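Asks: Could you have a look at this structure, given as structure tokens, before my questions?
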Amino acid sequence: MIFKPTREDLKVIGQGIGRVILGVGLIMLIPLVVAVVSTEWLAVIDFLIGIFACVAFWLVTEMTCKTNRDLTWFHGLIVASAGWLTAMFFGAIPHMLSGHFKSYLDACFDLMSGYTTTGLFLLQDLDHVSHGLNMWRHLLTYAGGQGIIVIALTFLFAGTAGAFKIYASEGKEEKLLPNVIRTARAIWMISLTYLVVGSVFLFVALLFEGMPAGRGFLHSVWLFMGAWSTGGFAPQSLNLLYYHSLWIEIVTLVIFVIGSFNFVLHYSVWTRRRTEILKNIEIRSFAITTAVTSFVLAIGLSKGGVYTTISEFLRKGVYNLISGHTTTGNATVYSNSFVGEFGFIAMWGIIIAMAIGASAASTGGGFKGLRVGILTKSLWGDIKGLVSPESAVVREKVHHVRDIWLDEALVKGTMLILLSYVIIYFIGGILGLMYGYEPSVAFFDAVSAGSNTGLSTGLTSPLMPALLKVWYIFVMWAGRLEFLSIFALFGMAVAVVKGKRVGRR
Amino acid sequence: MFYNAKHPRGRGETGRARMSNDTVMRSQEASRWRRWLSYALGILIETAAVLVISGLALLVIILVKVIMK
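Protein chains in written order, with this note's numbering: chain A, 1 to 505; chain B, 1 to 69.
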């Protein structure tokens, strides 16, 4: 039996969402400052309107949803899913006002793409957007990489038991420290440390390539944010191809691969458990799947006869493959090169890499290396069971910070998430086919959106069908939150309509 | 954080010698440095891992290209 949510439930959820939106408004202060410093007064007005809207929404929710009740699991799931969706509508205000979007739907698409660290974009004339808007685009993906909820937890929620529920609902089930607020702060400490280190390296590389210091500083910060968050945004429409720099490509590659690692792994390696990086199932899984997909890519490239030097293998082949595997989306080739130069086999090598994706509890998307490791080990256990004596008990374990013994519930849960990803990839591909795109193109962009990657063959553009834009927004959102919160939101919608009313719970 | 006279250790109840403010501050400073050095080493290890994995991918591609030539 389904129960209709009570007024108290709605108040708890409303208050949580209000605080998330206040967090979005607070983040807008940074691009506002950049716009003021750059004397971009139109952008200043856009951000002031955006901040005003966020603060007004928060005030309304604080006044109408005042409650002292703590969040339950159900509330946490709804706040996470609905919070991300509401954050998209409010965050899109400066985008829409900038005049770089064909419609509000396109602005929302870019917002969801940014928050979910996907990197696909429908923004027009990217090479001439204001510094303020560029800062907002990259900050979105940087903040989204840590998690909007993590931001809200860091500043706006008390350290209650409910805080963990909202944190876990954002697709991060693992904690770095026993306290969830300290976990959120540790995530920020790691990200900010890398922001400083990575930006310095990129700044030096950009100066070395002849870029003026002021512009170099902004580009280094933006490129770092795009790479670290595995978002793949860049300030120029040609993405990394614009720079034509081996050093910038190497530095960004290192940044986005490290960015795709699990925050728990970062914390372990930083705090004297150095060998964890050798033993961790996600790193082993990533190394193996990188080698396997490289093999497929290499066969494709060899058959096509393109990229013949070692430098080209590295800069065009390995870079784009690993960018796809870490679900980043930084590219060193034109969009149409995936079809025109990589060809069918190499494209499918990248599609498989994108579908697998990065690590759990990281900034990346896709199935995640942990799940690939669990399923592979489980399959291996089944095979061992078949060849062992009937009385033998075969149990497999994976190492992820600690040893995890595989049981039926864990494998079943893993299969369910993996199946959900396969379904959204498939539906996206079929939709693309229905609109007349080639199979490789349709599936490439569908998997790219669903796995929060951002590489594109050119299908994703302002001219793409509106239904496909809406579907991509949905899969970016669902893929980033790993489905459970989305199921809960749909469950709540059903409960509101069909649920049985209860007096008190 | 400064030396707290009300703390049991401050009163010598555990048998340890009282630490002066300077000693406490130096110890905290050293601990902070050790922590940041540990973080720096962590960053180096992670970078090395990335380079090894990328090198592996490059090696596979080169091998396939050579074999298929």
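Idealized CB from N, CA, C, for every residue including glycine. Please read all numbers here as calculations on a predicted model, not as lab measurements.
Go ahead and label residue 58(A) buried or exposed: buried means 16 or more other beta carbons lie within 10 angstroms of its beta carbon, across all protein chains shown.
Replies: Within the first sequence, the letter at position 58 stands for residue 58(A). When all chains shown are included, residue 58(A) counts as buried.
Asks: May I ask you to list the residues that DSSP assigns as paired with residue 3(A)?
Replies: For the purposes of this step, residue 3(A) is identified with residue 3 of the first sequence, where counting begins at 1. Answer is 500(A).
Asks: Enumerated in chain order, which unbroken segments of the alpha helix (DSSP H) with a length of 4 residues or greater are wholly contained in the stretch 83 to 146 of chain A?
Replies: Listed in chain order, they are 104 to 115 and 131 to 146.
Asks: Just checking, does the stretch 420 to 439 of chain A make contact with the stretch 396 to 409 of chain A on the three C-beta pairs under 8 Å criterion?
Replies: Flag = no, the stretch 420 to 439 of chain A and the stretch 396 to 409 of chain A do not touch.
Asks: Are residue 276(A) and residue 268(A) close, meaning C-beta to C-beta below 8 Å?
Replies: Translated into positions along the first sequence, residue 276(A) becomes position 276. Translated into positions along the first sequence, residue 268(A) becomes position 268. Cβ distance < 8 Å, so residue 276(A) and residue 268(A) count as in contact.
Asks: Would you mind stating whether residue 454(A) and residue 118(A) have Cβ atoms separated by less than 8 Å?
Replies: For the purposes of this step, residue 454(A) is identified with residue 454 of the first sequence, where counting begins at 1. For the purposes of this step, residue 118(A) is identified with residue 118 of the first sequence, where counting begins at 1. Yes, the pair counts as a contact, with Cβ atoms nearer than the cut-off.
Asks: Can you give me the C-alpha to C-alpha distance between residue 507(A) and residue 261(A), rounded to a whole angstrom?
Replies: Since the first residue shown for chain A is 1 and the last is 505, residue 507(A) is missing from the structure and cannot be characterised.
Asks: Can a CB atom of chain A be found closer than 8 Å to the CB of residue 24(B)?
Replies: Locating residue 24(B) in the second sequence gives position 24, where the first residue counts as 1. Answer no: the Cβ-Cβ gap between residue 24(B) and chain A never drops below 8 Å.
Asks: Under a Cβ-count criterion, where at least 16 other Cβ atoms within 10 Å of its own Cβ denotes burial, should residue 525(A) be classed as buried or exposed?
Replies: The question about residue 525(A) has no answer, for chain A in this structure spans 1 to 505.
Asks: If contact means a Cβ-Cβ distance below 7 Å, which residues of the stretch 33 to 48 of chain B contact chain C?
Replies: Here the protein chains are A and B, and chain C is not one of them.
Asks: With 8 Å set as the bound, which would you pick, yes or no: does the beta-carbon of residue 291(A) sit closer than that to a beta-carbon of chain B?
Replies: As a working note, residue 291(A) is residue 291 in the first sequence. Yes - at least one Cβ of chain B is within 8 Å of the one on residue 291(A).
Asks: Enumerated in chain order, which unbroken segments of the alpha helix (DSSP H) with a length of 4 residues or greater are wholly contained in the stretch 357 to 415 of chain A?
Replies: The stretch 357 to 415 of chain A contains these whole alpha helix (DSSP H) runs: 369 to 387.
Asks: Tell me the DSSP secondary structure of residue 482(A) in three-state form.
Replies: Your numbering for residue 482(A) matches position 482 in the first sequence. Reduced to three states, the DSSP call for residue 482(A) is coil.
Asks: Strictly under 8 Å for the Cβ-Cβ distance: is residue 50(B) near chain A by that measure?
Replies: Here the question's residue 50(B) lines up with position 50 in the second sequence. Yes, its Cβ sits closer than 8 Å to a Cβ of chain A.
Asks: Closer than 8 Å, CB to CB, is residue 57(B) near chain A or not?
Replies: Along the second sequence, one-based indexing puts residue 57(B) at 57. So, interface residue.
Asks: Hey, how far is the Cα of residue 294(A) from the Cα of residue 32(B)?
Replies: Mapped onto the first sequence, residue 294(A) falls at position 294. Mapped onto the second sequence, residue 32(B) falls at position 32. One C-alpha to the other measures close to 42 Å.
Asks: Does any residue of chain B have a CB that is nearer than 8 Å to the CB of residue 231(A)?
Replies: Along the first sequence, one-based indexing puts residue 231(A) at 231. Cβ-Cβ to chain B under 8 Å: no for residue 231(A).
Asks: Need the endpoints of the alpha helix (DSSP H) that residue 42(A) sits in, please.
Replies: Translated into positions along the first sequence, residue 42(A) becomes position 42. Run containing residue 42(A): 41 to 64, per the alpha helix (DSSP H) assignment.
Asks: Spell out whether any CB of chain A is found under 8 Å from the CB atom of residue 54(B).
Replies: As a working mapping, residue 54(B) is identified with position 54 in the second sequence. Output row for residue 54(B): interface = yes.
Asks: Given that residue 298(A) touches chain B, what residues does it touch there, using C-beta distances under 7 Å?
Replies: Your numbering for residue 298(A) matches position 298 in the first sequence. Near residue 298(A) (Cβ distances below 7 Å), the residues of chain B are 60, 61, 64 and 65.
Asks: Identify whether residue 442(A) lies in helix, strand or coil by the three-state DSSP scheme.
Replies: Stepping through the first sequence from its first residue, residue 442(A) is reached at position 442. The answer is helix: DSSP assigns residue 442(A) an H, G or I state.
Asks: Identify which residue in 467(A), 147(A), 180(A) and 218(A) has its Cα closest to the Cα of residue 196(A).
Replies: Sequence index remark: in the first sequence, residue 196(A) carries index 196 (1-based). With distances taken between Cα atoms, residue 196(A) lies closest to 218(A).
Asks: Since residue 254(A) meets chain B, which of its residues come closer than 9 Å, beta carbon to beta carbon?
Replies: Numbered from its first residue, the first sequence carries residue 254(A) at position 254. The answer, in chain order, is 46, 47, 50, 51 and 54.
Asks: Check whether the Cβ of residue 58(B) lies closer than 7 Å to any heavy atom of the ligand GDP, and answer yes or no.
Replies: Among the components modelled here there is no ligand, and therefore nothing to report on the ligand GDP.
Asks: Could you check the C-alpha separation between residue 411(A) and residue 405(A) for me, to the nearest Å?
Replies: Numbered from its first residue, the first sequence carries residue 411(A) at position 411. Numbered from its first residue, the first sequence carries residue 405(A) at position 405. If I take the Cα positions, the gap works out to 10 Å.
Asks: List, in chain order, every chain B residue whose beta-carbon is nearer than 7 Å to that of residue 270(A).
Replies: The sequence position of residue 270(A) within the first sequence is 270, counting from 1. Within chain B, the residues near residue 270(A) are 38, 39 and 42.
Asks: Which residue wins for smallest C-alpha separation from residue 131(A), given the options 234(A), 328(A) and 386(A)?
Replies: One-based indexing of the first sequence puts residue 131(A) at position 131. Taking only the C-alpha atoms, the option nearest residue 131(A) is 234(A).
Asks: Counting only C-beta atoms, is residue 182(A) closer than 8 Å to chain B at any point?
Replies: Locating residue 182(A) in the first sequence gives position 182, where the first residue counts as 1. It does not; no Cβ of chain B falls within 8 Å.
Asks: Got a sec: is the Cβ-Cβ distance from residue 447(A) to anything in chain B below 8 Å?
Replies: In the first sequence, the residue the question calls residue 447(A) occupies position 447. So, not an interface residue.
Asks: Please list the residues of the stretch 319 to 345 of chain A that have a C-beta atom closer than 7 Å to any C-beta atom in chain B, keeping them in chain order.
Replies: Correct list: 321 and 322.
Asks: Given a cut-off of 8 Å on the beta-carbon distance, is the pair residue 469(A) and residue 85(A) in contact?
Replies: Within the first sequence, the letter at position 469 stands for residue 469(A). Within the first sequence, the letter at position 85 stands for residue 85(A). Cβ atoms of residue 469(A) and residue 85(A): not closer than 8 Å.
Asks: Compare the C-beta of residue 504(A) with all C-beta atoms of chain B and state if any pair is closer than 8 Å.
Replies: For the purposes of this step, residue 504(A) is taken as residue 504 along the first sequence, with counting starting at 1. Below a pLDDT of 50, predicted positions are generally treated as unreliable, and residue 504(A), at 48, falls in that range; the measurement from the model is reported next regardless. For residue 504(A), the answer is no, since every Cβ of chain B falls outside 8 Å of its Cβ.
Asks: So residue 357(A) and residue 365(A) are in contact, right, with Cβ under 8 Å, and what is the actual spacing, rounded?
Replies: For the purposes of this step, residue 357(A) is taken as residue 357 along the first sequence, with counting starting at 1. For the purposes of this step, residue 365(A) is taken as residue 365 along the first sequence, with counting starting at 1. At roughly 5 Å, the Cβ-Cβ gap stays under 8 Å, so residue 357(A) and residue 365(A) are in contact.
Asks: So, under 8 Å CB-CB, residue 345(A) and residue 447(A) are touching, yes? Tell me the CB distance rounded to an integer number of Å.
Replies: On the first sequence, residue 345(A) is found 345 positions in, with the first residue counted as 1. On the first sequence, residue 447(A) is found 447 positions in, with the first residue counted as 1. No, residue 345(A) and residue 447(A) are not in contact; Cβ-Cβ is about 16 Å, not under 8 Å.
Asks: Under 8 Å between the Cβ atoms of residue 202(A) and residue 220(A)?
Replies: For the purposes of this step, residue 202(A) is taken as the residue at position 202 of the first sequence. For the purposes of this step, residue 220(A) is taken as the residue at position 220 of the first sequence. Yes. Within cutoff.
Asks: Quick check: the Cα distance between residue 3(B) and residue 69(A), rounded to an integer number of angstroms?
Replies: As a position in the second sequence, residue 3(B) is number 3, starting the count at 1. As a position in the first sequence, residue 69(A) is number 69, starting the count at 1. Low confidence applies here, because residue 3(B) scores a pLDDT of 47, under 50, leaving its location unreliable and the question unanswered by this model.
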